[in-house]
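Below is one structure; the comments refer to it alone.
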Amino acid sequence: MIKTTYTALAALMLAACASDELTDGTVQDLPEGMYPLQIAGVSITAESNAEPWGADTPQTRMAENTTDGKYSSAWESGDKIKVQIGDVTPGTYTYQSSGLTVAAGDAYAYWPSKADDQTIRAWYTSSGNETVDLSDQTKGLAYVVTAQKTANFNTEVSLTFSHALAKVRVELTGEIVSFVDNVSIKGYTTCTLSQGTWNGANVGEIKMYKVADKVFEANVYPGYQIQEVKANNGAWSKLTTAVTPNVANRYKIEIGVTSKTITLSTETEEVCTVESGKCLIIDGGGNSLNKRIVIQDNAQVMLKNVKLAAPTTEVNTIEINGSATLLLSGTNEINGATQGCPLTVIRGTLTINGTDNDKLTLTGENSYNAGCLGLREGASLIINGGDIVADGSKTQHGSGIGAYWTGWNDPRYGSITINGGKINASGGGNSAGIGSGSQCGGGDIIITGGNITATGGGNLGGAGIGTGDYGNCGDITISGTNTVVTATVVKEGCDKIGLGYNGRYCGTVTIKAGVTVNNTKYTSDHVGRIE
């Protein structure tokens, strides 16, 4: 636990007044609207040799920064600081450049009397008012910093600001931690200033801010014992050790994320079905099996050392109905059937995550109505990482990654986005390596990172990235200074990036400066197909 203190030296000086206006020895009330409190300057600093509250914290009005492993904080221009002397109406001051001013809409704080030992309170809140909502911090952390001092009339005052809240950090561990999109804890959902004191109220859910991968934070009102946590809007789980936060302290809670594991070798059914909304680990143990996996909408699945061939000739080995997330682990090898894809997505969006050490090899068979990593009926794909091979070279009308011919049943992909990873995609006959298959359509192809190799198919020929014969695609945009693309074709007359043989339409092809395509690093933006 690190106690972090904001220190602000605020010279609070009474406006000049004539000596004959002062009295000696008698406490005298002052007329309202007289003797405004002038704040000559303000600074705020705080440091800790331990880990700060987070280098990736959002840019709230109060900035949090790290320098040389230490933590510092500073006011930002536009911050509104309220100051109250005694019980009179608070004044509002605005931080500008290096000091406080009374900006438009602000008001001075006034001395209520000439007494000694008058109480001065000051505060800043991220909400800008005296009630702070702590319940939803997903877009930014909530802050309350306060200061209090007693001072004699017409004297300079230094104020020390400190946190009125405590910080709770949740750090996640486990194989499927990347599946966690949100974390919540239970605590006071509001805090309010009343008669000079901040009070927490309304126990309920506090949605935390995602600081970084596996790390979530929330600033909470102290005193309420935190006993429960939940992830991905699931059920509340009890902490092994409850945490009772104290003011201006930071607490770390480590939570292991687990999920049900299905061991394929012990499953008696040919089909392993992942129901809608479920989160599972499917462990193949590296065994070669004749099974298939069907994944329903909004499921999250880790593929771990899975090696499959379709049990029959007319099915897709892995079929995703709707949107889903695949997390790659280890070595996964999936073979297609003569009338089925190794992996296909029907509607929805498939997101694939993994590292360069996590492999997925998809091999299409000699089929006329199937692809490789197939997208149909407007399905979309997002690849964020992984070592992925999509070999559709044996297929007759399917791309390596993208749409494939399914008759007239909407042979079209929605969009294809590659943000990273090592990708090698080969198209089948008349089809693109990445894009549309023969007589197929699709939307935009967006590449922002990764090392991508795309080879167009044979027969009449398809583009490396783009369309198959009589096919179409949307815009193709490739960006990222570390992005490397190798796009080749088997048949002359096909674009490496653009149109395949007799391709009907390809949108605008844009290669952004910094991208390397076919061993050429572009120093300026290029617009136009790559032949």
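Residues -18 to -1, 1 to 513 in mature numbering (1 follows the signal peptide of the UniProt record, and there is no 0) are what the sequence shown lists, from first letter to last.
In this text, a Cβ means the ideal position worked out from N, Cα and C, and glycines have one as well.
Helix, strand or coil at residue i according to DSSP, with G and I counted as helix
i, result
"Phe143", "coil"
"Leu246", "helix"
"Ile512", "strand"
"Val65", "strand"
"Phe161", "helix"
"Trp105", "strand"
"Asp392", "coil"
"Glu251", "coil"
"Lys131", "strand"
"Glu257", "coil"
"Leu116", "coil"
"Cys422", "coil"
"Gly121", "The question names Gly, yet the displayed sequence has Lys at residue 121. It is coil, neither helix nor strand."
"Ala469", "strand"
"Asn335", "strand"
"Ser262", "Sequence inspection shows Leu at residue 262; the Ser mentioned does not correspond to that position. If DSSP states are grouped into helix, strand and coil, Leu262 belongs with the strands."
"Ser176", "strand"
"Ala281", "strand"
"Thr320", "coil"
"Gly462", "coil"
"Thr71", "coil"
"Asn272", "strand"
"Val126", "strand"
"Leu442", "coil"
Whole-angstrom C-beta distance between residue j and residue i, which should lie under 8 Å
i, j, result
"Val211", "Ile188", "That belief does not hold up - the Cβ atoms of Val211 and Ile188 are roughly 10 Å apart, past 8 Å."
"Gly444", "Asn412", "6 Å"
"Ile416", "Ile427", "6 Å"
"Asn406", "Thr388", "Contact flag wrong, Cβ pair sits at about 24 Å."
"Ser108", "Ala85", "In fact, because the Cβ distance is near 19 Å, the residues do not count as touching under 8 Å."
"Gly489", "Thr465", "Actually they do not touch by this definition, with Cβ atoms about 19 Å apart."
"Val276", "Glu301", "5 Å"
"Val256", "Arg274", "Not really, about 12 Å apart at Cβ, beyond 8 Å."
"Asn214", "Val152", "Not really, about 13 Å apart at Cβ, beyond 8 Å."
"Ser311", "Glu157", "7 Å"
"Gly336", "Leu309", "6 Å"
Pairwise C-alpha distance: residue j and residue i
i, j, result
"Val159", "Val239", "6 Å"
"Glu251", "Ser349", "26 Å"
"Ile63", "Thr223", "37 Å"
"Gly423", "Gly438", "16 Å"
"residue 533", "Val185", "Nothing about residue 533 can be read from this structure; the chain reaches only from -18 to 513."
"Ala281", "Ser258", "5 Å"
"Gly360", "Ser397", "8 Å"
"Ile447", "Leu262", "33 Å"
"Gly419", "Cys455", "10 Å"
"Thr313", "Asp477", "33 Å"
"Gly367", "Leu175", "48 Å"
"Thr181", "Thr171", "Per the sequence presented here, residue 181 reads as Asn, with Thr not at that position. Spanning the two alpha carbons is a distance of roughly 11 Å."
"Gln78", "Thr498", "45 Å"
"Ala146", "Ala306", "42 Å"
"Gly322", "Ile264", "21 Å"
"Gly440", "Ile458", "22 Å"
"Ala495", "Leu355", "29 Å"
"Lys404", "Met190", "33 Å"
"Asn231", "Ser408", "56 Å"
"Arg43", "Asp61", "A caution first: Arg43 carries a pLDDT of 40, below 50, which makes its placement in the model unreliable, though a value can still be read off. In a straight line, the C-alpha of Arg43 is about 6 Å away from that of Asp61."
"Ser30", "Phe143", "Confidence is the limiting factor: at Ser30 the pLDDT is only 31, short of 50, which leaves the residue's position unreliable and the question unanswerable from this model."
"residue 534", "Gly267", "Nothing about residue 534 can be read from this structure; the chain reaches only from -18 to 513."
"Phe135", "Ile67", "10 Å"
"Tyr75", "Val197", "35 Å"
"Ala200", "Gly425", "40 Å"
"Tyr233", "Asn501", "50 Å"
"Leu221", "Ile328", "40 Å"
"Gly81", "Gly122", "25 Å"
"Asp118", "Thr470", "49 Å"
"Thr248", "Pro324", "22 Å"
"Gly330", "Tyr206", "42 Å"
"Asp69", "Asp98", "15 Å"
"Lys473", "Ser270", "35 Å"
Residues bridged to residue i [DSSP beta-bridge criterion]
i, result
"Leu342", "Asn314, Ile370"
"Val288", "Answer by DSSP bridge pairing: none, since Val288 is not bridged."
"Lys404", "Asp369, Asn433"
"Lys149", "Asn201, Arg232"
"Asn454", "Tyr487"
"Arg358", "Ile328"
"Asn303", "Gln278, Ile328"
"Lys168", "Glu187"
"Tyr386", "Gly380"
"residue 514", "Beyond the ends of the chain as shown, which are -18 and 513, falls residue 514; an answer cannot be given."
In chain order, what are the residue ranges of uninterrupted beta strand (DSSP E) at least 3 long that sit wholly in the segment 473 to 506?
Listed in chain order, they are 491 to 493.
Which full runs of the beta strand (DSSP E) of 3+ residues lie inside the segment 179 to 237, going along the chain?
Those beta strand (DSSP E) runs which fall completely within the segment 179 to 237 and span 3+ residues are 179 to 189, 191 to 194, 197 to 202, 208 to 213, 219 to 225.
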